[in-house]
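Notes follow once the structure below has been shown.
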Amino acid sequence: MKLRDRVALITGAGSGMGRASALLFAREGARVLVVDIDAAQGKETVRQIEAAGSRAAFCEADVSRADDARGMVEACVRELGRLDICFNNAGVPMPSTPVEEVPEALLDRILAVNVRGAFLGCKYAVPVLKRGGGGVIINTASTAGVRPRPGLSAYNMSKGAVITLTKSLAAELAPFRIRVVAINPVATDTPMLPGFFKPGMPQEDARRAFVQTIPLGRFCTAEDVASAALYLASDDAAMVTGSCLDVDGGRLL
Numbered sequence: 009m010k011l012r013d014r015v016a017l018i019t020g021a022g023s024g025m026g027r028a029s030a031l032l033f034a035r036e037g038a039r040v041l042v043v044d045i046d047a048a049q050g051k052e053t054v055r056q057i058e059a060a061g062s063r064a065a066f067c068e069a070d071v072s073r074a075d076d077a078r079g080m081v082e083a084c085v086r087e088l089g090r091l092d093i094c095f096n097n098a099g100v101p102m103p104s105t106p107v108e109e110v111p112e113a114l115l116d117r118i119l120a121v122n123v124r125g126a127f128l129g130c131k132y133a134v135p136v137l138k139r140g141g142g143g144v145i146i147n148t149a150s151t152a153g154v155r156p157r158p159g160l161s162a163y164n165m166s167k168g169a170v171i172t173l174t175k176s177l178a179a180e181l182a183p184f185r186i187r188v189v190a191i192n193p194v195a196t197d198t199p200m201l202p203g204f205f206k207p208g209m210p211q212e213d214a215r216r217a218f219v220q221t222i223p224l225g226r227f228c229t230a231e232d233v234a235s236a237a238l239y240l241a242s243d244d245a246a247m248v249t250g251s252c253l254d255v256d257g258g259r260l261l
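Counted the way the working numbering counts, the sequence shown spans residues 9 to 261.
Okay, structure coming up:
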């Protein structure tokens, strides 16, 4: 087991990439704190982990709120004894919108969850990781932060910021044996995917248009991302920090 005796905190773990990662980490020996703003979804992830014979706990949190971010780290230590892996995965999408039509409320929410949420997750995890002698922080970024798509200006910006945050903290925290890495998924077939589609565009047409930009000819899956996260969280990636792993089917070629 790649994560035996380790404790992982995963945000946005009530569905999609976060749930797939929580289930995989648990199968690989980790105890998992499932964090989500949706209590029903988060508790369902815990139920599935426990049904498979592993240990998990749930914490309801809005990662954009400092008190919640601090509280989830405290809950992890209280419920599961320590923290070794902090996976800042929670995020929100953006429907394809010309920049001049982007509502400021949407901009604020995207930056609050995608950027502030990742920053706060790091901020409050770091002291615990330092006390424990090291660990791993994984941030979910996106290919959109490397090669922006038209119509997703605020989302592209938010994921570019996550990539820069990752590299910045990798340099800052390496002396403390804390690795900081990111994952850049291409469009992923999860419940969040339709949130990127242009309003009014038939979903099948939108899906077809997305897939045509991916050389391998399919969407990324939640399990693809979970497998990448497992590698980055494990000792297999012991010399990897500051890197952003593209899980993109060739999208960035």
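Where is the CB? At the ideal position from N, CA and C, for every residue including glycine.
Please read these numbers as outputs of a predicted model, since none were measured by experiment.
- Item | Straight-line gap, Val154 to Ile171 (C-alpha atoms, nearest Å) | Within the sequence shown, residue 154 is the residue found at index 146, counting from 1. Within the sequence shown, residue 171 is the residue found at index 163, counting from 1. Distance between Val154 and Ile171, taken at the CA atoms: about 9 Å.
- Message: Tell me the rounded alpha-carbon separation between Ala152 and Gly250.
- Response: Within the sequence shown, the letter at position 144 stands for residue 152. Within the sequence shown, the letter at position 242 stands for residue 250. Roughly 18 Å separates the two Cα atoms.
- Pick from Ile186, Ile93, Ala120, Asp92 that is closest to Pro101, judged by C-alpha positions: What you label residue 101 is simply residue 93 of the sequence shown in a count that begins at 1. The residue with the shortest Cα to Cα distance from Pro101 is Ala120.
- Task: Tell me Ile186's beta-bridge partners as DSSP assigns them.
- Result: Taking the sequence shown and counting its residues from 1, the one referred to as residue 186 is at position 178. Answer is Gly143, bridged to Ile186.
- Message: Threshold first: 3 residues or longer. Then list the beta strand (DSSP E) segments lying entirely within the stretch 107-156, N to C.
- Response: Every beta strand (DSSP E) of 3 residues or more that sits fully in the stretch 107-156 is shown, in chain order, as 143-148.
- With a threshold of 16 other CB atoms inside 10 Å of the CB of Pro285, please say whether the residue is buried or exposed. Outside the displayed span of the chain (9 to 261) sits residue 285, for which this structure offers no information.
- Determine the DSSP secondary structure at Glu68, reduced to helix, strand or coil. Along the sequence shown, one-based indexing puts residue 68 at 60. Strand, per DSSP.
- Item | Coil, strand or helix - Leu8 by DSSP | With the chain running from 9 to 261 in the structure shown, residue 8 is simply not present.
- Query: CB Ile93 to CB Ala241, shorter than 7 Å?
  - Reply: Sequence index remark: in the sequence shown, residue 93 carries index 85 (1-based). Sequence index remark: in the sequence shown, residue 241 carries index 233 (1-based). Result yes, Cβ atoms of Ile93 and Ala241 sit closer than 7 Å.
- Query: For Ala14, which option in Leu238, Asp256, Leu253, Ala98 has the closest C-alpha, if you only look at C-alpha atoms?
  - Reply: Position 6 of the sequence shown holds residue 14. The question names Ala, but residue 14 in the sequence shown is Arg. Minimum Cα distance to Arg14 is reached at Leu238.
- Task: Check each candidate in Asn97, Phe33, Leu128 and name the one with the smallest Cα separation from Arg12.
- Result: For the purposes of this step, residue 12 is taken as the residue at position 4 of the sequence shown. Selected option, being the one with the closest Cα: Phe33.
- Query: What is the DSSP secondary structure of Phe204, counted as helix, strand or coil?
  - Reply: Here the question's residue 204 lines up with position 196 in the sequence shown. In the structure shown, Phe204 sits in a helix (DSSP, three-state: H, G or I).
- Task: Using DSSP bridges, identify the partner residues of Cys84.
- Result: By 1-based counting over the sequence shown, the position of residue 84 is 76. Cys84 pairs with nothing; no bridge assigned.
- Message: Taking DSSP's pairing of strands, which residues face Thr19 in a bridge?
- Response: Start at 1 with the first residue of the sequence shown, and residue 19 comes out as number 11. Paired residues: Val43.
- Item | Classification of Ser176 by the beta-carbon crowding that lies within 10 angstroms, buried from 16 upward | Here residue 176 corresponds to residue number 168 of the sequence shown, with the count starting at 1. The residue is exposed, with fewer than 16 neighbouring Cβ atoms inside 10 Å.
- Is it buried or exposed for Met80, if we count other Cβ within 10 angstroms and need 16 for buried? Here residue 80 is taken as the residue at index 72 of the sequence shown, counted from 1. Buried is the call here.
- Rounded separation between Cys84 and Arg55 - CA only: For this step, residue 84 is matched to residue 76 along the sequence shown. For this step, residue 55 is matched to residue 47 along the sequence shown. So the alpha carbons of these two residues sit roughly 17 Å apart.
- Task: Could you check the C-alpha separation between Ala195 and Pro202 for me, to the nearest Å?
- Result: Within the sequence shown, numbered from 1, the residue matching residue 195 stands at position 187. Within the sequence shown, numbered from 1, the residue matching residue 202 stands at position 194. Those two C-alpha atoms are separated by around 10 Å.
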